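With UniProt numbering applied, the sequence shown covers 1 to 510.
Note that the Cβ used here is the ideal one computed from N, Cα and C, for glycine as well.
Please read these numbers as outputs of a predicted model, since none were measured by experiment.
Here is the structure we will look at.
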Amino acid sequence: MRSATRSDEMIENAVPNRSPARPSGRFPEAPRTAGPEVPCAPRFASRRTVRVSGDPRHVRCGGGHARDGCHPTESQDTYPRNVEHFQQNLTVRTRRVPSPEGHYDLLDLLPEGISPDSGPLCWMRHGEGVVGWGEALRIETARSERFVAADERWQRLAARMEVDDEVQLPGTGPVAFASIAFGDDPGSSVLIVPEVVIGQRGGVRWVTTIGEHDRRLSRAAPARAPGTIRYSDGEFPTTRYRQAVAEAVRRMRGSPELSKVVLAHDLLATTSEPLSSRYLLGNLGRRYPGCWTFAVDGLVGATPELLLQRNGNEVSSRVLAGTAWPHEGRTQQQLMSELLGSAKNRGEHTYAVRSLANGLEPFCKELDVPTSPEVLRLRNVMHLASDVSGRLDPMLAQNGHAGLLRLVQSVHPTAAVGGTPTTGALELIDELEEMNRERYAGPVGWVDADGNGEFGIALRCARLTWRSGEGSRARLFAGCGVVPDSDPDTEVTEAEAKLLPVREALEGVR
Ligand SMILES: C=C(O[C@@H]1C=C(C(=O)O)C=C[C@H]1O)C(=O)O
């Protein structure tokens, strides 16, 4: 165990004083660096079909065809069984990209016209990370076996790929973007291996292609705004959410064995024009550069919470729980001290840290858990934050038992999004939360062929759906940790503050 030290990286933009009743979030514009103009239009990767023997329902290939009739629609509880029967090797090439392409933001290189069915793929923070498009392969898993099934199938597939990787960094060679459901039922989860990936790390930029694709990059036209936004109740509106929080408080007060439960609700946004993931990603990345901006299969957001990162034998995580938001008449400094001094928030935080550490410990030789949290400041809220790091048992790291998807399974759901004890909390969520979280609050990120990669918890996000020829829909989610001394009205306001990043990204707030 070590004591926490403040890290500059944890401090984001200042939070001005605002009323607690309705967080509004009008903040100064973040500076943006413009790249040089590029004369040519964006090039799109053509789709390629990879032949798979056996039942084609279980591995979608060559472009997410499930909705366009190429493959039959998959029922929610099936999962791939036949990926091992590849008849054709996939050739994966990673090449360093020469300048001048290196001047552009990764997001500027995502073509706008990517199939909206799966949308672009993205995992970025501070301008670095990986973005991708096209579906060379798609693996769908479900139920409680979704993690193991995804891991086995991804490993089997990756072992069959012919890899020619000139760059050899985390994220080069074959990568799969993944978004895993929060709960087991139905647990519909997805891994997508893009046809084209562009990555950037430490100033090095690369392109990975699967199959024959043009590796020259060009800058796409600016993403278009989605027109007028109309908000309406989701499956679980605020009034019923408040009642559910009150009921959870009542239950916890009556049964001391249940200490914390995280309850969430949703909000629907309908846009008059088609909603571009690239538009949302750009807006989120500008205002929340220290969060992990993600897009996988229509789930788009900017999460401040890193579930797990694995690089060789090293693992790390940023656990968040315990939240404050701007209150009129209180300075940031006051808010920070109140948050650090709040027994309620410290308790919620401790449960979350413990659950992460317990899940990770069986795989680790060393685990470094801070004894007290720091404060992470974002534009909309502040969180208590603990950065946990560990060293994996080298045997487990080598024999595949500590691949990232296995580790993620072991730590999910932490008490930051589930509760304490986990089983009791999940039962109460099932009972009181009148909606399916789907992939909200589940693990989202990317994994490479060696089981390295990064997963965040899918928070501050929306599930997008497109309707051809019409506007789009976004289903926004937000939740709060509820403990015996929670106040339902306060939790409702906290959830509103957590909805702000996506609302403002939709509205194009600068
Ligand atoms: C559940 C969410 O956030 C989680 C809950 C928190 C809390 O209860 O204080 C803080 C950060 C996250 O771990 C969300 O943003 O939807």
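Next item on the list: If I'm right that T172 touches D165 with Cβ under 8 Å, what's the distance once you round it to whole angstroms?
Entry: 5 Å
Next item on the list: For D233, name the three-state secondary structure that DSSP assigns.
Entry: strand
Item checked: Where the beta strand (DSSP E) containing L169 begins and where it ends -> No beta strand (DSSP E) contains L169, which DSSP labels as neither H nor E.
Next item on the list: Just the C-alpha distance for W446 and L432, rounded to the nearest angstrom, thanks.
Entry: 32 Å
Checklist line | Enclosing alpha helix (DSSP H) for A352 [first to last residue] | finding: 343-360
Next item on the list: Indicate, with yes or no, if ligand 1 has a heavy atom lying under 8 Å from the CB of R122.
Entry: According to the sequence provided, residue 122 is Cys. The question's Arg does not apply to it. Result no, Cβ not under 8 Å from ligand 1.
Item checked: Span of the beta strand (DSSP E), counted from its first residue to its last, around E454 -> 453-457
Item checked: Cβ-based neighbour list, P394, same chain, cut-off 8 Å, excluding 5 preceding and 5 following -> N313, K365
Next item on the list: Specify the secondary structure class of E247 as computed by DSSP and reduced to three states.
Entry: helix
Check: Is DSSP giving V492 helix, strand or coil here?
Finding: helix
Notebook entry, point to check: In whole angstroms, what is the alpha-carbon distance linking T490 and L426?
Noted result: 22 Å
Note to self: So, does the region 355-370 touch the region 403-417, judging by three or more C-beta pairs under 8 Å?
What the structure shows: yes
Check: Looking at the unbroken beta strand (DSSP E) that takes in E140, where does it start and where does it end?
Finding: 137-141
Item checked: Boundaries of the beta strand (DSSP E) in which W133 is found, first to last residue -> 128-133
Notebook entry, point to check: Less than 9 Å separating the beta-carbons of P501 and R460?
Noted result: yes
Check: Taking C-alpha atoms, which residue in E195, G183, E305 lies nearest to E454?
Finding: E305
Note to self: Just to confirm before moving on: does the CB-CB distance between V131 and V190 stay below 9 Å?
What the structure shows: no
Note to self: Excluding the 5 residues flanking L267 on each side, which residues of the same chain have their C-beta closer than 7 Å to its C-beta?
What the structure shows: Y231, G234, L476, L499
Notebook entry, point to check: Going by DSSP, what residues sit across from N311 in a beta bridge?
Noted result: E314
Next item on the list: Return the residue from the list W292, T420, P256, H383 that minimises the CA-CA distance to L121.
Entry: W292
Notebook entry, point to check: By the 10 Å Cβ neighbour count, where 16 or more other Cβ atoms means buried, how is A221 classified, buried or exposed?
Noted result: exposed
Notebook entry, point to check: Contact check, A176 vs V193 under 8 Å by CB: the rounded distance?
Noted result: 5 Å
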